[in-house]
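Everything below concerns the one structure shown next.
Residue numbers (our numbering): 90 to 472.
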């Protein structure tokens with residue numbers, strides 16, 4: 090509802106008002122889904138057509154949530170990604186394909202149907218509210234995803250939040266169609282596991298990173314060709330087994346969907362009348378939007394050196410810096426207080442290979458604790 094209100098007020102504002110070069114092409118907020126089907130990860134292998142057809146039908150009917158990892162894509166040709174697919178297969182301990190994992194754990198190929206049936210549809214044990222923003226100038230430059238939840242119990246240390254971006258109908262250069270292709274995968278352990286802790290996480294992904302994964306969003310007119318799947322996998326402190334604690338899935342919001350929402354109340358007089366009623370709601374929403382910081386960065390001409398820029402809204406206290414596996418650094422971002430409406434710049438010397446990801450913990454004045462993400466493509470891809 091708050092997103093509808095925000096766009097309604099934008100219609101009232103003069104078109105010539107001063108705005109930044111970046112525009113929210115489309116956005117949507119989602120309340121936590123109450124239940125979810127089994128999370129099924131299928132790793133492609135020779136002769137898997139019949140199994141894939143069955144799983145695709147089950148996904149279409151809401152019986153499962155299907156993630157299709159195109160393992161072996163580089164050998165087949167066609168230009169589909171398989172780096173994340175091979176990494177995820179290794180996480181599950183798989184060595185041969187086709188291969189299947191259900192609810193985050195490997196399953197027997199000859200018995201996965203009965204396991205899926207046994208799982209059925211379950212309640213989400215952790216309620217995750219989340220939102221998506223597609224931001225850009227002439228086209229989408231940033232994908233911004235925000236998650237908020239409260240832990241009903243203390244979470245086990247192995248619990249992780251997984252972000253999957255899938256393309257519903259991917260077509261490779263040979264004309265083959267792949268359903269529910271995983272284009273990008275980002276796991277995170279950077280959140281508070283204490284009982285009743287309030288977690289607020291933010292993922293901001295740049296256009297360069299998205300393009301490297303084959304995700305072309307353009308002006309967001311066809312963004313709904315991609316879907317976001319968020320899965321909290323693990324368990325509570327005294328659980329003997331792990332499982333999917335929460336699973337959320339939505340299509341990316343398109344530019345046209347956002348326009349449709351705001352065009353419901355087109356008469357100018359009605360818009361002005363509503364503006365008085367919604368003013369306080371808008372101010373509260375704008376407070377968060379203006380107060381949250383942004384972490385931006387890029388590779389420099391120096392080998393393995395990142396130039397970062399931290400832009401604040403409200404003042405912030407910088408906390409822990411974590412660099413994900415595959416990279417390391419002896420430097421850091423100084424833990425200090427950064428004033429409101431200011432910019433902190435610096436460089437990080439890192440070493441490693443592959444796509445680069447870091448997470449920076451910050452405490453934002455009036456808004457609490459947040460995690461900022463910076464994702465950059467493998468620097469060797471530009472050579």
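Note that beta-carbon positions come from the ideal geometry of N, C-alpha and C, so glycine has one too. Here the structure is a predicted model, which is why all the values come from computation and not from measurement.
Just to confirm, are residue i and residue j a CB contact at a threshold of 7 Å?
i: residue 420; j: residue 448; result: no
i: residue 224; j: residue 111; result: yes
i: residue 287; j: residue 239; result: yes
i: residue 386; j: residue 299; result: no
i: residue 119; j: residue 284; result: no
i: residue 272; j: residue 312; result: no
i: residue 428; j: residue 446; result: no
i: residue 389; j: residue 323; result: no
i: residue 124; j: residue 212; result: yes
i: residue 115; j: residue 343; result: yes
i: residue 293; j: residue 231; result: yes
i: residue 459; j: residue 289; result: yes
i: residue 336; j: residue 128; result: yes
i: residue 274; j: residue 173; result: yes
How should residue i be labelled, buried or exposed, when 16 other C-beta atoms within 10 angstroms of its C-beta is the threshold for buried?
i: residue 402; result: buried
i: residue 269; result: buried
i: residue 198; result: exposed
i: residue 455; result: exposed
i: residue 175; result: buried
i: residue 160; result: buried
i: residue 468; result: buried
i: residue 470; result: exposed
i: residue 244; result: buried
i: residue 149; result: exposed
i: residue 154; result: buried
i: residue 228; result: exposed
i: residue 177; result: buried
Specify the secondary structure class of residue i as computed by DSSP and reduced to three states.
i: residue 470; result: helix
i: residue 172; result: helix
i: residue 332; result: strand
i: residue 446; result: strand
i: residue 381; result: coil
i: residue 221; result: strand
i: residue 145; result: helix
i: residue 414; result: coil
i: residue 273; result: strand
i: residue 409; result: strand
i: residue 120; result: coil
i: residue 455; result: coil
i: residue 423; result: coil
i: residue 462; result: strand
i: residue 111; result: coil
Less than 6 Å between the CB of residue i and some heavy atom of the ligand ATP, yes or no?
i: residue 279; result: For the ligand ATP, the structure offers nothing, since it holds no ligand at all.
Are at least three pairs of beta-carbons, each pair with one atom in the segment 168 to 182 and one in the segment 139 to 146, less than 8 Å apart? no
Below 8 Å, can you find three or more Cβ-Cβ pairs linking the segment 424 to 437 to the segment 261 to 274? no
Which ranges would you report for the alpha helix (DSSP H) in the segment 279 to 316 if only whole runs of at least 4 residues count? 296 to 301
Inside the segment 216 to 264 only - beta strand (DSSP E) runs reaching at least 3 residues: 217 to 225, 229 to 239, 249 to 260
Runs of 3 residues minimum, wholly inside the segment 154 to 202: which ones carry the beta strand (DSSP E) assignment? 188 to 191
Does the segment 201 to 214 come into contact with the segment 244 to 254, if we say contact requires no fewer than three beta-carbon pairs (one atom in each stretch) closer than 8 Å? no
Are the segment 186 to 195 and the segment 324 to 343 touching by the rule of at least three beta carbon pairs closer than 8 Å? yes
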